[in-house]
Amino acid sequence: MAYEVLARKWRPQQFQDVVGQEHVIQTLSRAIQTGRVAHAYLFVGPRGTGKTTTARLLAKALNCMKRGKSPDPCDDCDSCREIVAGNSLDVIEIDGASNNNVEQVRELRDNVRYAPARGPCKIYIIDEVHMLSPGAFNALLKTLEEPPAHVKFLLATTDVHKVPATILSRCQRFDLRRIGLKEIVGRLREIAVAEKWKVSEAALLAIARGAEGGLRDAESALDQIVSFQGEKIEEADVLGVFGLVSWTTLDRLATAVLKGDSAVALKIVAELDEGGRDLQRLVQELLGHFRNVLVWKHAPELADSFDLTAAQLDGLKAQAALADGEKLLRVVEILTEAASQARFALSRRTVVEVALLKAARAATVVSLDELIAQIQNGSADEDAPASSAVSPSSPARAAAPPPPASKGHSPKDELAHLKSRWPSLLAVIGETAQLAAPLLKEAEPLRVEGEHVTLGFDPEFGEHLKRVDTTRTRMAIEKAIGHELKRPIGVKFVLEDRPQAEVDAETRAETPPPAKPAAAGPKAPKGAAAKRNLAEDPIVKKTMEEFGGELFDIRE
Ligand SMILES: Nc1ncnc2c1ncn2[C@@H]1O[C@H](COP(=O)(O)OP(=O)(O)OP(=O)(O)O)[C@@H](O)[C@H]1O
Ligand SMILES: [Mg+2]
Ligand SMILES: [Zn+2]
């Protein structure tokens with residue numbers, strides 16, 4: 002027996018065998034069962050997704066002589082057999098591409114009047130209907146408008162935009178969709194099992210990816226590869242045929258980009274290019290991949306629509322943890338641009354390489370928001386991903402990452418911890434309160450009490466204490482210490498020699514509002530009262546705060 006190509010051999014003969022077009026099949030089945038079949042249908046969709054198949058199935062069901070309650074044709078009666086064999090007088094298939102002139106459609110129109118030979122219906126299937134000439138469309142229109150009761154028109158097209166609106170409005174339209182990866186894999190597996198071929202899962206997946214939603218293409222590819230490779234197929238056999246990149250490589254490349262590992266990314270591209278892989282396709286697949294990562298990040302409940310296997314989904318989730326939404330968005334933008342450039346570029350490889358470098362940078366660069374957050378936290382070396390591109394970290398910080406904070410909240414431990422960390426903390430504080438940092442060198446953590454840390458100044462540096470006790474500096478210190486101890490902290494300043502009570506008393510005795518700056522100290526200069534009064538003036542206070550200044554002299 003002559004070899005029958007897979008696509009033909011595996012053309013669905015029953016509604017339930019049609020893959021991935023449930024919405025169409027359901028509506029049609031119901032129409033058949035209820036006897037409400039329209040007189041004209043238009044099937045729209047990409048190549049090899051089941052348009053002709055569905056039209057033939059419908060024709061068979063309408064004319065089946067033994068069909069019971071179910072919508073499916075019996076495939077056994079004379080009518081069914083004739084239709085399957087393609088020699089039924091009642092089902093007339095016309096190829097729009099080759100029978101597109103007025104004469105041919107007129108002939109059709111004349112024949113329409115004659116009653117069907119066997120079944121209840123005379124069915125015209127016009128494939129590629131968009132190829133008809135304008136004259137032919139006109140002639141068809143007249144018939145479509147008021148066909149005899151026994152006539153059905155089943156039109157199919159891959160290019161619905163070329164079908165005149167007058168025709169569209171006279172048909173019930175069905176849109177067939179691209180068939181999902183999982184569905185294609187399922188169908189190919191079924192075929193491979195039935196044919197007794199050994200095709201690995203990865204190979205099935207690769208064929209499905211290469212087919213881009215068309216089942217006929219997938220089946221033809223399987224046919225081709227088997228005739229070329231024999232009946233045992235591995236992923237590598239398929240990748241070569243399609244110029245595809247393996248899923249693992251795609252995964253590795255995406256991870257390299259998100260980690261900012263440009264060298265790895267470039268090496269992978271070099272290997273792929275030398276292996277003759279389709280780099281434009283690579284960009285597109287990478288783009289689709291990052292799009293999925295992005296969607297997963299924002300709406301994980303949509304993961305079902307991803308058309309991925311469980312293992313692939315795991316890889317994707319791991320990548321989602323590597324970058325935030327903003328960065329992913331930027332990566333997707335860069336690749337979108339590259340995908341359109343790659344189409345026309347003389348050197349695809351260059352376009353791809355530049356895009357990957359840009360993407361790797363975008364994925365790891367520290368954003369302004371992060372920078373602000375880091376400054377506010379008084380430390381950059383925590384959650385933010387290590388950045389090679391624009392790292393604001395100062396040498397002091399880089400040299401002294403904070404050790405794990407004291408867990409037990411023992412004041413003694415915490416104090417010891419703070420004392421040992423004081424020089425590094427000063428560097429961190431200095432980033433927000435530059436002018437205060439040198440002054441704080443003369444201070445030292447004295448006590449940890451509840452939510453407060455007391456910093457003591459040597460009485461000799463009483464003036465320093467005053468200058469340090471500003472809102473801005475206080476906030477910087479509280480942030481830094483709070484981060485260090487991993488809990489909210491307030492600070493108090495005292496002159497070291499004196500007991501806290503004394504300082505507090507003095508603070509309270511002082512003039513107006515929050516006036517913390519306690520210690521006028523034993524060495525307070527003359528005219529101190531006048532200075533103190535002026536120092537409480539809101540404008541003067543604010544100015545001193547902003548510039549870290551000191552009230553030095555008063556002149557009339
Ligand atoms: N939805 C589907 N379910 C099962 N098999 C399908 C489906 N779509 C396509 N096929 C397979 O592909 C072959 C071709 O399908 P069909 O002729 O229906 O495609 P088409 O949409 O009419 O394509 P074209 O636009 O190229 O005419 C079928 O014989 C079948 O083997
Ligand atoms: Mg077709
Ligand atoms: Zn039948």
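Note that the sequence shown covers residues 2 to 557 in this note's numbering. A virtual CB, placed ideally from N, CA and C, is assigned to each residue, including glycine.
Asked	Found
Per-residue DSSP class, three states only, for Ala266	helix
Three-state secondary structure (DSSP) of Arg178	coil
Beta-carbon gap between Arg349 and Leu259 smaller than 7 Å	no
Where the alpha helix (DSSP H) through Val469 begins and ends	Gly463 to Val469
Simplified DSSP assignment, three categories, for Ala322	coil
Residues near Asp91 by beta carbon distance below 7 Å, same chain, minus five either side	Asn64, Pro117, Ala118, Arg119, Gly120, Cys122, Lys123 and Ile124
Cys122 beta carbon near ligand 3 (any heavy atom closer than 6 Å)	no
DSSP bridge partner residues for Phe44 (one or two, in chain order)	Ala157 and Phe175
7 Å Cβ shell around Ala390 - same chain, five flanking residues per side excluded	Bear in mind that the predicted position of Ala390 carries a pLDDT of just 42, short of 50, making it unreliable; the figure below should be weighed with that in mind. Correct list, in chain order: Arg362, Thr365 and Val366.
Counted within 10 angstroms of its Cβ, other Cβ atoms place Val355 as buried (16 or more) or exposed	exposed
Arg173 versus Glu23 - alpha carbon distance	A small correction: the amino acid at residue 173 is Gln; Arg does not occupy that position in the sequence shown. Roughly 17 Å separates the two Cα atoms.
Same chain, Cβ closer than 6 Å to Leu155, neighbours up to 5 away in sequence not counted	Tyr42, Ala56 and Ile126
Within the stretch 58-98, ranges of the beta strand (DSSP E) (whole runs, at least 3 residues)	92-96
Closer than 6 Å: Arg217 CB and nearest ligand 1 heavy atom	yes
Exercise answer, beta-carbon shell around ligand 2 heavy atoms below 6 Å	Lys52, Thr53, Asp128 and Ala157
Nonlocal neighbours in the same chain, by C-beta distance under 7 Å from Glu443, ignoring five residues either side	Phe458, Asp459, Phe462 and His465
Beta-ladder partner(s) of Glu445, from DSSP	Gly457
contact_flag[the stretch 282-302, the stretch 251-270] where n(CB pairs < 8 Å) is 3 or more	yes
Nearest-angstrom Cα separation, counted from Leu329 out to Pro301	15 Å
Residue range of the beta strand (DSSP E) that includes Leu496	Gly491 to Leu496
DSSP state of Val258 mapped onto helix, strand, coil	helix
Through-space distance from Leu142 to Ala166, alpha-carbon basis	11 Å
DSSP beta-bridge partners of Glu537	DSSP, once it has assigned bridges, lists no residue as partnering Glu537.
Proximity test, Pro117 beta-carbon vs ligand 3 heavy atom, cut-off 6 Å	no
Pair within 7 Å by beta-carbon distance, Val429 and Ala481	yes
Three-state secondary structure (DSSP) of Lys487	coil
Continuous beta strand (DSSP E) stretch holding Asp128: start and end	Lys123 to Asp128
C-beta contact flag for Ile478 and Val495 at 7 Å	no
Rounded separation between Glu213 and Arg179 - CA only	8 Å
C-beta atoms of Gly181 and Gly46 nearer than 7 Å	no
Cβ-based burial, Leu223 [other Cβ within 10 Å; buried from 16]	buried
Pro13: CB within 6 Å of a non-hydrogen atom of ligand 3	no
Distance cut-off 6 Å: Val20 Cβ against heavy atoms of ligand 1	yes
Neighbour-count burial assignment, His418, 16 or more Cβ in a 10 Å radius	buried
Spatial neighbours of Ala319 in its chain, beta-carbon cut-off 7 Å, leaving aside the 5 residues before and after	none
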